[in-house]
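At position 274 of the sequence shown (counting the first as 1) the number is 613 in the numbering used here, and the numbers step up by one without a gap.
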Amino acid sequence: MAGINMEESKRIDELVELLNRASESYYNDKDEIMSNFEWDSYFDELTALEEKTGYVRPDSPTQKTGSEEEIASGKREQHEYPALSLAKSKDVNVLKKWAGNRAIWLSWKLDGLTLVVTYDDGALTKIMTRGGGVYGTNITYMRGHIRGIPEKIKDKGHLVVRGEATISYTDFERINEFSEDDEKYSNPRNLVSGTLALDIPRLNEVDERGVSFNAFTLVHTDEEINSWGERMRYLEDNGFTCVDRELTDAQHLEETIEKWTKIVRENKFDIPVDGLVITYDDTEYASTGSVTGHHATNAGMAFKWQDTSADTVLDHIEWSCAASTISPVAVFEPVWLEGTTVKRASLCNISEMKRLGIGADKKTRLTIIKSNMIIPKCIQADNRGTTFEIPDKCPVCGAGTMVKVSEKTGTETLHCMNPKCQAKHAREYSRFVSKPGMDIDGLSIETLIKFMNMGFITDFADIYNIHEHKEAIIEMEGFGEKSYSNLIESIEKSRNVTPVKFIYALCIPMIGTDAAKKIVGELGTEGFFERLKNGEGFADIEGIGPEKSGSILNWYENTENKALLDKLLKEVKVEVMMPATKKEGSCMGLTFVITGDVHIYKNREEFKAFVESSGGKVAGSISGKTSFLVNNDFESTSGKNKKAKELGIPIITEDEFVSRFSR
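Here's what the structure looks like:
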């Protein structure tokens, strides 16, 4: 050792244990016990102490990355090629020195979960998590559920790809707002980790959460490609979505970093990123060099942004209800951070308020950062020890509240105890205003929840009287005269609506756009309302059946739903459509199942529209009633191909379909 005293040794031990505990929480739990800002500060302190003293513990976070037990389900295996981490710096000059006089590529450092994907003979054979870099978890059972991982590729040799599985900020906010769990995920990265730990019975949730894979390096191919840029293009030619990238050099690196940083600062990038990566274009040179700890010295370098903080003064704590959780929000004197004015920051839950020591004292000074230049976060309060009041009533419905404590993490969260609270039905409001529904622009889920918490909206019909709160809305953060005018214009435009969109917007269980089309096509607008009022049912309509029919009638028998429908019909005009005349066409009486990629039609929706316009039907699964399975890959080993062959159902290509049915 270079010389160490007891205090330094003790501090290193404290930092290692603190950072490891924080990493475990970050990778495996929904809550973070410290911000990235704090973690980086402690990590830098630990690194400096280790360099000074030579005392480096084997379990030090400087010697490993990620969680060794990152994924709960699946089989752990050793990686074919160790997935080493990159050295990082917040100093552009360090990166310039590393680049030297060589051509380098700049790309995003995505903030998700690293996956390693393997192909042999053009077919997907394995999906693994990075884990600790040497061992990962086999999650190949998730094939088909992670966007951006093709089942088949052109390369017929052995190919290994590394990339990042992410969930966009948009999807993260949607999922968190709709979550009925006692706890919320603290960031998109935690949500990805939790999602990829789901077992086989819950794979549908992986689909719903929109996990996407972005390739960031081609680890191995049998082809001779020695340029990183060419290797990325090769991946794109094989059907992968790759990270954005730009060729540059040390001389232009600083201005390139500033250009990319501006994209994040202006919120023009929806995928979570926590920095940038530079890589040598010369992959042969990049493969040379040494391995220090868990870093390959020539593999690349990560650039981490300096978190900019600002001090401000607390004005008040606001409690906002969404789904079943009531979350605290710090409202403070406006500060300028990363190009925008910030005056609110979520405090997540009661436990986080206690950790920070934030109370109700308006003199409390706060330190605010924008985590990854996106999400405002409070990292410090200087008036520790002051108390705060936990609301005993829900801010939306006025019902009683209850504090719940997570058995797993001990996290305290506040909940509304009224099962009929409007905020618990935010998903339905989002569906009502969506494009397939009433198509009202400007009413995001976040805005809807704000309006609910302010008492502006208690049911769907209240949206059409939102003008009564004009002054308050204009003063809201993110609004103004123009935004308000655009919202009112969109609401007024939606007053004239087609019956299909209106039925969808009512949020009747089991009744989506397809069911609405079948009902309107068979009965017309007046026929639908007539049957509804008379309780006649819709089971006789093809594709509806007794279960969906019962769902519609049960919905209408609820007095609250009936009153809501009457109230809505005073606000909107539903277009009168007559029952559709029976169409004759080349697909009359035939049922098709379409699977795999299409290349003649723009997408499967266009394909389906043609079949239906020609008198046919498109089903989602193979059955004895299926006339044809359309699949451009006849040799596919998919379940649909196997089932079709078992039942003797003809499998035809898209070209054959066009030849037989579109002329």
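The beta-carbon is built from N, C-alpha and C at its ideal position, and this holds for glycine as well.
Please classify residue i: does DSSP put it in a helix, a strand, or coil?
| i | result |
| --- | --- |
| M741 | strand |
| S406 | Low per-residue confidence applies at S406: pLDDT is 41, beneath 50, and the placement is therefore not dependable, though the value from the model is reported in the following sentence. In this structure, S406 counts as coil in the three-state DSSP scheme. |
| D460 | coil |
| N529 | helix |
| Y394 | coil |
| L354 | helix |
| G472 | coil |
| M345 | helix |
| S997 | Note that residue 997 is Val in the sequence shown, not Ser. Helix, per DSSP. |
| D368 | Because the pLDDT of D368 is 48, which lies under 50, any placement of that residue in the model is unreliable, and the number read from its coordinates should be weighed accordingly. Note: D368 maps to coil in three-state DSSP. |
| I990 | strand |
| I802 | helix |
| N553 | strand |
| F877 | coil |
| S446 | strand |
| N971 | coil |
| A958 | strand |
| I729 | coil |
| V937 | coil |
| E945 | helix |
| A638 | coil |
| T627 | coil |
| T797 | coil |
| E575 | helix |
| A411 | At A411 the pLDDT is 41, less than 50, meaning the model places this residue with poor confidence; the figure from the coordinates comes in the next sentence. Coil at A411, not helix or strand. |
| E416 | strand |
| S833 | coil |
| M340 | With a pLDDT of only 45 at M340, under the threshold of 50, the placement of this residue in the model should not be trusted; the figure read from the coordinates follows. Coil at M340, not helix or strand. |
| K1003 | In the structure displayed, the chain extends from 340 to 1002; residue 1003 sits before or after that span and is not available. |
| A426 | strand |
| I466 | strand |
Measuring CB to CB, does residue i end up less than 7 Å from residue j?
| i | j | result |
| --- | --- | --- |
| C926 | V957 | no |
| A762 | C660 | yes |
| I443 | Y619 | yes |
| D613 | T509 | no |
| A504 | L452 | yes |
| V582 | W437 | no |
| P489 | I506 | no |
| S685 | V668 | yes |
| E861 | P775 | no |
| D798 | L903 | yes |
| F552 | I492 | no |
Hey, out of the options, whose CA is closest to residue i's CA?
| i | options | result |
| --- | --- | --- |
| L463 | D494, G451, G781, V735 | D494 |
| S710 | I488, S626, K643 | K643 |
| E974 | T680, T401, I990 | I990 |
| D972 | L498, L695, K759, D994 | D994 |
| R501 | R584, T752, E875, L454 | L454 |
| I784 | V355, E767, A589 | E767 |
| I689 | W658, N637, L705 | W658 |
| P421 | H806, V473, E875 | V473 |
| P758 | V616, S745, E390, G739 | G739 |
| R604 | F727, Q645, R548 | Q645 |
| D901 | D546, L871, D654 | Just to set this straight, residue 901 is Lys in the shown sequence, not Asp. Measuring from the Cα of K901, the nearest candidate turns out to be L871. |
| V456 | G475, L445, R441 | G475 |
| S348 | R360, K427, E390 | E390 |
| R704 | G393, P730, A649 | A649 |
| V708 | T651, I802, R572, S998 | The displayed chain sequence assigns Ile, not Val, to residue 708. Looking at the Cα atoms, T651 is the closest of the given residues. |
| K693 | C717, E672, W675, Y895 | C717 |
| P734 | T726, P715, M756, E746 | M756 |
| I729 | T706, G819, I697 | I697 |
| E512 | G496, N529, V499, H497 | N529 |
| I805 | A720, M815, F790, G817 | F790 |
Let me check one thing: in DSSP terms, what residues is residue i bridge-paired to?
| i | result |
| --- | --- |
| C755 | T740 |
| L452 | A504 |
| E384 | Bridge partners of E384: none, in fact. |
| L498 | Y458 |
| C581 | A554 |
| Y619 | I443 |
| R486 | S551 |
Mind checking if residue i is an interface residue toward chain B, Cβ cutoff 7 Å exclusive?
| i | result |
| --- | --- |
| P989 | Reference to chain B is not applicable here, since this structure consists of a single protein chain. |
- Message: List, from N- to C-terminal side, the beta strand (DSSP E) runs of 3 residues or more that fit wholly inside the stretch 646-727.
- Response: The beta strand (DSSP E) runs lying completely inside the stretch 646-727 and spanning 3 residues or more are 648-661, 664-676, 679-685, 704-710, 714-720, given in chain order.
- prompt: Fully enclosed by the stretch 583-615, which beta strand (DSSP E) runs are 3 residues long or longer?
  reply: Complete beta strand (DSSP E) runs here, min 3: 584-587.
**Study point:** Whole alpha helix (DSSP H) elements within the stretch 850-936, 4-residue minimum
**Key:** If we require 4 residues or more, the alpha helix (DSSP H) runs fully inside the stretch 850-936 come out as 852-873, 884-896, 898-908.
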